[in-house]
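There are 2 protein chains.
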Amino acid sequence: MSAAAEPAESATESLVTASRALVAIAARSLAGLEEQVTLPQYRALVVLASRSQLRPVDLADSLDVSPSTATRMCDRLVAKELVERVHSDSDRREVVLRLSADGRALVSEVTARRRRELRKVIARIPAEDQERLIEALRVFNAAAGEAPESVLALGMSL
Amino acid sequence: MSAAAEPAESATESLVTASRALVAIAARSLAGLEEQVTLPQYRALVVLASRSQLRPVDLADSLDVSPSTATRMCDRLVAKELVERVHSDSDRREVVLRLSADGRALVSEVTARRRRELRKVIARIPAEDQERLIEALRVFNAAAGEAPESVLALGMSL
DNA sequence: GGAAACTATTGCACTCATGCAATACTGAAG
DNA sequence: CTTCAGTATTGCATGAGTGCAATAGTTTCC
Numbered sequence: 001m002s003a004a005a006e007p008a009e010s011a012t013e014s015l016v017t018a019s020r021a022l023v024a025i026a027a028r029s030l031a032g033l034e035e036q037v038t039l040p041q042y043r044a045l046v047v048l049a050s051r052s053q054l055r056p057v058d059l060a061d062s063l064d065v066s067p068s069t070a071t072r073m074c075d076r077l078v079a080k081e082l083v084e085r086v087h088s089d090s091d092r093r094e095v096v097l098r099l100s101a102d103g104r105a106l107v108s109e110v111t112a113r114r115r116r117e118l119r120k121v122i123a124r125i126p127a128e129d130q131e132r133l134i135e136a137l138r139v140f141n142a143a144a145g146e147a148p149e150s151v152l153a154l155g156m157s158l
Numbered sequence: 159m160s161a162a163a164e165p166a167e168s169a170t171e172s173l174v175t176a177s178r179a180l181v182a183i184a185a186r187s188l189a190g191l192e193e194q195v196t197l198p199q200y201r202a203l204v205v206l207a208s209r210s211q212l213r214p215v216d217l218a219d220s221l222d223v224s225p226s227t228a229t230r231m232c233d234r235l236v237a238k239e240l241v242e243r244v245h246s247d248s249d250r251r252e253v254v255l256r257l258s259a260d261g262r263a264l265v266s267e268v269t270a271r272r273r274r275e276l277r278k279v280i281a282r283i284p285a286e287d288q289e290r291l292i293e294a295l296r297v298f299n300a301a302a303g304e305a306p307e308s309v310l311a312l313g314m315s316l
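Taken in order, these protein sequences are the chains called A and B. In terms of the working numbering, the first sequence is residues 1 to 158. In terms of the working numbering, the second sequence is residues 159 to 316.
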C-alpha cells in the first residue's frame with residue numbers, strides 16, 4: 001500500500017471520523033427519550049410518522065416483527081397516548097393506526113434537536129468554508145444515494 | 159427568513175441528508191449482529207474494546223447501569239465466550255473483564271464493515287472531488303470536535 | 001483487631017419485546 | 001350460504017435488561 005498518499009484512503013479516514021460525530025449527534029438527539037418510550041417503540045413512532053395511516057400488519061411488516069408484537073407495542077403506545085387506534089370503516093376487520101398530536105410532537109422534537117445540533121456545528125465553520133462544505137456534501141450525498149429514513153434503521157434489534 | 163440564500167441553512171439541509179446516510183450505514187454495519195448479541199451487549203463489547211481492562215463496576219459506570227445489571231450482562235457474554243472474567247491479583251475483591259479473541263473479532267467485524275461501506279461510497283466520487291471532500295471534512299471534523307466513540311452512544315436505553 | 005468502605009454477586013420483581021398458536025371477526029369468492 | 005383468506009387480538013412462554021436489597025469476600029484505616 002502506498003501509505004497515506006492515496007486520497008481514497010485519506011477520505012475514508014476523514015469520513016469515518018465525521019461519521020462518528022454524526023452518529024453521536026443522532027444518538028444524543030434520542031437521549032432522554034427513555035423516559036417516554038423504548039427504542040422499539042420510537043421506531044414504531046417514526047414509521048407511523050412517515051406513513052400517516054397504517055394497519056398493524058403494515059407496521060409489523062415495516063418493523064420486521066410479528067403482528068402480535070406490533071399489536072402489543074401499540075397497546076403500550078396507545079396507553080401512553082402517543083398513538084390512536086381506530087376501526088376502519090371500509091373494512092371492519094382492519095384497524096388504522098395514527099400518531100396522536102403528542103406522538104407527532106415527540107418525533108418532531110427528536111428531529112428538531114438533531115437539526116439544532118447540526119446547526120451549531122455549522123455555525124462554527126467560517127462562511128467561505130461553509131460554501132465548500134455544501135458543495136462537498138452535495139457530491140457526497142449523490143454518491144451515498146438516498147437513505148431510506150435512517151432513524152428507522154437505527155433499529156438493529158433496536 | 160431570507161429563503162434558501164443563507165448558506166448556513168443550505169449547509170444544514172445537506173448535512174441532515176448526509177447524516178441520514180451515515181447513520182444508515184452505521185446501523186447497517188450492526189445488522190446481523192442480533193444473532194449473536196443484543197444491542198446492550200454490543201455496547202458492552204465496545205466499551206471493553208476501548209479500555210482493555212475493566213472491572214464490572216467500571217463497565218456499569220460506562221454503560222450507565224447498575225452493577226448488578228453489568229454482572230448479569232457479563233454472565234451472558236461470558237457464556238457466549240465473547241468476554242473473559244478473571245480475578246484480579248492485586249485486589250481479590252475485584253474482577254477484571256477482557257474481550258476474548260471472539261469478542262474482539264466481533265467488534266472489529268462491525269467497524270470493518272462500516273469502513274468498507276464508506277469506502278464504497280467514496281469510490282463513487284471522482285478523484286478531484288475527493289480532494290475537496292477531504293478538505294471539507296477536515297473543516298467539519300474540527301468544528302464537530304471529537305466524538306467519544308459514537309457507537310457507544312448508539313445505546314439510548316439501547 | 002475491628003469498623004467502615006468497596007467489590008461482586010445473587011435473590012426477587014417487574015417491564016418489554018418476541019413469536020407461535022389459538023380465537024374471533026369480516027370480507028370475498030365460489 | 002359456505003368455505004377460504006385476511007386481520008387483529010389474546011393466551012402462553014421465553015429471554016433480556018433493569019434496579020433494589022441482601023449477602024459474601026477483601027481492603028483499608030484507625
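Every residue, glycine too, gets a C-beta built ideally from N, C-alpha and C. All values derive from a computational prediction rather than experimental measurement.
At 7 Å on the CB atoms, spell out the chain B contacts of residue i, in chain order.
i, result
"Leu45(A)", "The contacting residues do not exist; Leu45(A) stays about 13 Å from chain B at best."
"Arg76(A)", "Chain B residues near Arg76(A): none, gap ~14 Å exceeds 7 Å."
Mind checking if residue i is an interface residue toward chain A, Cβ cutoff 9 Å exclusive?
i, result
"Glu267(B)", "no"
"Ser224(B)", "no"
"Arg296(B)", "yes"
"Arg272(B)", "yes"
"Val174(B)", "yes"
"Arg256(B)", "no"
"Leu316(B)", "Residue placement at Leu316(B) is flagged as unreliable, the pLDDT there being 27, under the threshold of 50; the coordinate-derived value follows with that caveat. Closer than 9 Å: yes."
Need the endpoints of the beta strand (DSSP E) that residue i sits in, please.
i, result
"Arg209(B)", "Here Arg209(B) belongs to no beta strand (DSSP E), and DSSP marks it neither H nor E."
"Val96(A)", "Val95 to Leu99"
"Ala242(B)", "It should be noted that the sequence gives Glu, not Ala, for residue 242(B). Here the beta strand (DSSP E) through Glu242(B) covers Val241 to His245."
At the 9 Å Cβ level, is residue i part of the contact set with chain B, yes or no?
i, result
"Thr69(A)", "no"
"Arg119(A)", "yes"
"Ser2(A)", "Since pLDDT at Ser2(A) reaches only 48, below the 50 mark, its modelled position is unreliable, and the value read off the structure follows with that caveat. With 9 Å as the cut-off, Ser2(A) does not count as an interface residue toward chain B."
"Leu82(A)", "no"
"Ala143(A)", "yes"
"Ala123(A)", "yes"
"Leu39(A)", "yes"
By Cβ distance below 7 Å, which residues in the same chain neighbour residue i in space, the five residues on each side in sequence not counted?
i, result
"Arg104(A)", "Ala49"
"Arg271(B)", "Ser187"
"Ala166(B)", "none"
"Ala60(A)", "Ser66, Pro67, Thr69 and Ala70"
"Leu63(A)", "Arg43, Ala44, Val47 and Ala70"
Applying a beta-carbon distance threshold of less than 8 Å, which residues of chain A neighbour residue i?
i, result
"Ser177(B)", "Leu22, Ile25, Ala26, Arg114, Leu118 and Ser150"
Specify, as a first and last residue, the run of the alpha helix (DSSP H) that residue i falls within.
i, result
"Glu193(B)", "No alpha helix (DSSP H) holds Glu193(B); DSSP gives it neither H nor E."
"Val65(A)", "Counting along the chain, Val65(A) falls outside any alpha helix (DSSP H), and DSSP gives it neither H nor E."
"Arg132(A)", "Ala127 to Ala144"
Residues of chain A with CB closer than 7 Å to the CB of residue i, please, in chain order.
i, result
"Leu291(B)", "Ala11, Ala136, Val139 and Phe140"
Using C-beta distances below 8 Å, list every residue in its chain close to residue i, excluding the 5 sequence neighbours before and after it, in chain order.
i, result
"Gln130(A)", "Ile122"
"Pro214(B)", "Pro225, Ala228, Thr229, Cys232, Val253 and Leu255"
"Val78(A)", "Glu84 and Arg85"
"Ile283(B)", "Leu291"
"Asn141(A)", "none"
If I measure Cβ to Cβ from residue i and keep anything under 6 Å in the same chain, skipping five residues before and after, which residues do I get?
i, result
"Gln211(B)", "Val254"
"Asp102(A)", "Glu81 and Leu82"
Three or more C-beta pairs closer than 8 Å, one from the region 249 to 259 of chain B and one from the region 189 to 206 of chain B: is that the case here? yes
Using 8 Å as the threshold, is the region 10 to 24 of chain A in touch with the region 174 to 183 of chain B, meaning 3 or more CB pairs across them? yes
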